[in-house]
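To start, the structure itself, in structure tokens.
Written out as structure tokens, the structure is:
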């Protein structure tokens with residue numbers, strides 16, 4: 017399986033593209049920039065969705081659904097928003113096709129032109145705040161805490177599976193509050209939910225911070241983000257949470273009567289993560305043998321491969337295997353017993369290794385005699401012989417160990433590839449090195465300097481970490497004073 | 017709550033529209049034909065999704081995701097399909113907006129015209145079979161059993177919340193098989209899954225049958241359906257399952273190598289249910305006091321309303337209420353304790369009645385003295401006094417009773433409003449009567465007669481029931497011979 021597979025060292029980007037396709041996660045469709053998410057990839061996304069949805073509900077949010085199509089004029093109601101999204105909108109102009117003159121193909125029916133064009137949502141602030149206007153009259157109607165699971169379209173010229181596609185799946189939370197403080201607290205809460213999910217379920221360490229003004233969401237007063245480091249040292253923005261101030265309330269004229277009887281504009285947040293997380297997951301843990309999945313998001317936890325020479329041996333092995341399968345399932349694990357006779361054990365070993373199944377159990381004739389079996393870990397590629405009587409507890413505990421090991425390994429990698437830098441030369445050297453990584457450096461706080469650094473090195477400010485220390489320093493480019501370090505990196 | 021609410025007898029259609037909006041299930045958006053599904057409505061849809069998804073997985077299906085946008089030319093590859101859907105397609109012609117000359121609004125950028133227009137999927141057969149072509153080479157690749165949860169758009173001129181909207185949410189199963197028999201068995205299996213879901217979860221009895229040729233899905237050789245009777249005697253098609261033969265395999269040139277080494281076209285099915293089920297659910301059970309929900313799909317099973325005169329009484333009642341809430345939750349029930357002091361008990365009673373919460377518990381000071389409380393059923397509107405020590409088991413069992421009662425009541429209604437008819441006069445009398453209902457009558461099997469009956473009475477053939485008896489008879493319109501009765505009704 018892994019033989020026609022590019023290694024990370026040889027070409028990281030190619031490695032990723034091949035891995036996503038060969039592991040049956042997704043593939044490009046014939047529709048420009050749109051992907052097909054295949055069942056194995058979608059099963060991982062479903063696990064992500066289920067966990068995130070649980071966390072959203074535990075923090076008091078409800079799901080709802082708003083229209084896919086947005087009148088063009090809505091977009092221009094918020095000035096920064098239209099500036100940010102107009103250039104990448106899919107536009108619906110007609111509502112009917114008709115038979116062409118050849119009698120076979122179809123053409124757009126010119127009589128079915130829409131009076132006002134509709135755009136496919138690139139994000140739903142405008143259509144949702146247009147509804148909130150009807151829902152909010154008084155402080156009693158607040159807060160509104162709503163999430164939506166949806167598809168969105170942003171026309172992209174250069175696309176990559178999961179990381180950047182014209183259509184992608186995501187969730188977008190949209191909340192409305194009576195005070196600025198409450199909205200800020202909500203935006204921060206959701207950032208922490210994302211951080212918790214990334215670290216404890218994806219086993220992916222993240223930096224939590226604020227975006228610089230020039231990297232903010234179009235229409236936000238403040239954008240919080242989580243940033244992860246991939247194995248090529250590049251940063252990947254994995255989730256964002258925006259404090260929108262009163263911008264959308266003003267654009268859609270959404271006021272509420274306060275307890276005191278005055279009329280005020282409503283305060284807003286929005287926050288989202290997308291199928292991009294799938295790309296982050298793949299790039300954080302996987303290796304030259306294929307996918308590596310944290311147990312908490314793996315569609316299959318354990319695969320059992322029988323090793324046999326004849327029907328009789330298969331029958332004896334199967335009996336043990338099926339008993340184990342049942343016991344492991346009772347522990348909440350998903351177990352696959354692959355007894356197909358069309359493929360050899362060696363092929364199966366490589367196959368499930370490539371698919372990132374966390375644990376493989378192999379049982380052969382000798383194991384039956386000895387009351388043992390072989391347990392192989394996907395994360396370390398190590399094997400151990402374990403007694404059959406102990407294997408259920410052993411494997412069950414192994415899941416936690418693998419989950420933890422993946423996090424620690426990724427965390428160690430990030431630590432090793434994060435550098436504090438105080439001079440421009442050092443900055444350039446590290447940013448341009450093969451290993452790349454995060455660079456903690458002082459910045460004078462101006463958009464101009466940020467832009468210059470980007471033009472000179474392709475590095476951007478990934479975030480101003482929430483836990484950055486107050487520290488007097490000098491901007492690495494201009495030497496102007498700075499009070500805290502920000503994190504620079506090249507990014508996806 | 018129910019005071020500004022139209023009764024079913026007065027205007028059934030108005031009753032439905034008001035109920036959907038006033039019970040916070042959904043509302044019309046400003047985007048023509050698109051609805052906003054509000055949190056309470058969406059919570060019911062999520063329960064439907066979760067159960068259906070479980071049933072699909074239990075029958076061996078996996079979820080995946082295919083692109084929203086379909087090249088226009090795909091549609092015309094299957095002749096009947098394009099005929100059925102071209103007239104209602106939303107067409108994307110451009111991928112960018114730009115600032116208008118006024119410097120404020122946006123206009124479509126004429127330079128961003130697509131070479132080939134894209135349509136928003138009205139259903140996904142074409143895009144999916146375009147992928148299956150790449151996935152299927154040999155019999156070993158079959159069957160493919162995939163389901164997709166998605167939004168689709170079919171441009172509708174006259175829309176009604178849930179029942180007919182331009183955008184709706186649904187699931188669409190698309191399977192590929194090596195033989196015709198296997199595909200037919202799949203289509204029938206999924207019909208039974210839908211029937212099981214409708215009857216055992218929605219508590220909605222359904223007829224299972226085949227559509228007449230003229231009512232088939234565009235591109236199908238056979239369309240199976242479930243049909244339910246609403247309280248105005250009209251039929252509602254609640255789900256369809258199609259045997260597509262080799263039509264899409266031929267259109268997209270999808271062949272497979274058989275075991276014997278020959279090349280054959282693949283056999284297909286597709287099957288779907290949509291947010292239309294929400295409309296069916298509402299119209300099957302609800303009454304002049306508002307929504308009535310079967311416990312298996314109710315977002316809240318039990319509401320506890322405290323009745324008190326002072327803080328001290330509230331504290332005492334709350335203690336009992338919170339203990340009960342915990343115990344009921346341990347039984348798997350969702351319980352709301354509404355202790356808001358902004359609303360009176362009478363208002364709360366009416367509110368939760370309108371929202372269709374299956375059971376209401378009221379606890380007052382006298383109940384504390386007597387160790388009792390009041391249990392009210394939403395389905396029968398009856399009340400009983402029950403001992404606190406017995407109430408958890410009582411309520412838990414009540415859920416099953418209510419679920420069963422709703423089914424039996426709806427079934428009784430359907431029986432009473434289903435008529436066997438042998439003459440045209442009787443047929444017209446019943447179809448045109450206020451009560452309407454299902455009419456079992458003989459039909460000569462021709463599309464011409466079907467069309468005439470429709471034009472004369474607005475009644476259509478809802479289905480040819482799978483369990484229809486072989487019986488010699490004469491077509492009610494033409495007198496020509498017929499071998500079984502079909503079911504006629506006016507329909508949504």
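Chains as they are written, first to last, in this note's numbering: chain A, 17 to 508; chain B, 17 to 508.
Virtual Cβ for every residue (Gly too), placed ideally from N, Cα, C.
Model, not experiment: these values are computed from the prediction.
When B:354, B:132, B:373 and B:425 are compared, the shortest CA-CA separation from residue 318 of chain B is found for B:373. Taking 7 Å as the upper bound on Cβ-Cβ separation, chain B lies near residues 45 of the segment 23-45 of chain A. Below the 8 Å Cβ cutoff, chain B contributes 89 and 92 as neighbours of residue 121 of chain A, in chain order. One finds 102, 103, 104, 105, 107 and 171 in chain A with Cβ atoms closer than 8 Å to the Cβ of residue 112 of chain B, taken in chain order. Every beta strand (DSSP E) stretch that sits fully inside the segment 339-376 of chain B and reaches 3 residues is listed by chain position as 351-353.
Residue 469 of chain A is outside the set of residues whose beta carbon lies under 8 Å from a beta carbon in chain B. Remark: C-beta atoms of residue 384 of chain A and residue 351 of chain A do not approach each other more closely than 8 Å. Taking a C-beta distance under 8 Å as the contact criterion, residue 478 of chain A and residue 131 of chain A do not qualify as a contact pair.
For residue 279 of chain A, no alpha helix (DSSP H) segment is defined; the enclosing uninterrupted segment is the beta strand (DSSP E) at 279-281.
Within the model, the alpha-carbon separation for residue 277 of chain A versus residue 194 of chain A is close to 13 Å. Contact between the segment 98-114 of chain A and the segment 102-109 of chain B is present: three or more C-beta pairs spanning the two stretches fall below 8 Å. Under the 8 Å criterion on CB atoms, residue 124 of chain A is classed as interfacial with respect to chain B. DSSP, reduced to helix, strand and coil, places residue 446 of chain B within a helical segment of the structure shown.
For residue 155 of chain A, no CB of chain B lies under 8 Å from its own CB, so it is not counted at the interface with that chain. Around the C-beta of residue 430 of chain B, 16 or more other C-beta atoms lie within 10 Å, and the residue is accordingly described as buried. Considering only B:81, B:467 and B:308, the residue with the shortest C-alpha distance to residue 43 of chain A is B:81. At a C-beta separation below 9 Å, residue 86 of chain A has these neighbours in chain B: 47. If you look at residue 226 of chain A, you'll find it in the beta strand (DSSP E) that goes 223-226. Out of A:411, A:505, A:482 and A:494, the CA that lies nearest to the CA of residue 456 of chain A is found in A:505.
Taking 8 Å as the upper bound for CB-CB distance, residue 182 of chain B and residue 49 of chain B are in contact here, some 3 Å apart. Closer than 8 Å to the CB of residue 286 of chain A there is not a single CB belonging to chain B. Here the C-alpha atom of residue 347 of chain B lies approximately 26 Å from the C-alpha atom of residue 72 of chain B.
Counting along the chain, the unbroken beta strand (DSSP E) around residue 238 of chain B starts and ends at 238-245. Among the residues of chain B, those whose CB is under 8 Å from the CB of residue 162 of chain A are 55, following chain order. Between residue 285 of chain A and residue 203 of chain A, the C-beta spacing is below 8 Å. Against chain B, the beta carbon of residue 276 of chain A has no neighbour under 9 Å; the closest one sits roughly 17 Å away. Against chain B, the CB of residue 302 of chain A has no partner CB under 8 Å away; the residue lies outside that interface. In the structure shown, the three-state DSSP call for residue 217 of chain A is coil. Linking residue 198 of chain B to residue 38 of chain A through their CA atoms gives a straight-line distance of about 29 Å.
The segment 419-468 of chain A contains, as complete alpha helix (DSSP H) runs of 4+ residues, the segments 440-448 (chain order). The beta-carbon separation of residue 507 of chain A and residue 250 of chain A, rounded to 6 Å, stays under the 8 Å limit for a contact. For residue 114 of chain A, the enclosing beta strand (DSSP E) covers residues 113-115. Listed by position along chain A, the residues whose Cβ is nearer than 7 Å to that of residue 185 of chain B are 81. Listed in chain order, the non-local C-beta contacts of residue 310 of chain A below 6 Å within the same chain comprise 219, 419 and 422, local neighbours out to five positions each way being set aside. If you draw a straight line from the Cα of residue 283 of chain A to the Cα of residue 227 of chain A, it is about 20 Å long. Using a C-beta cut-off of 8 Å, the segment 121-140 of chain B makes contact with the segment 150-168 of chain B, since at least three inter-stretch Cβ pairs fall below that distance.
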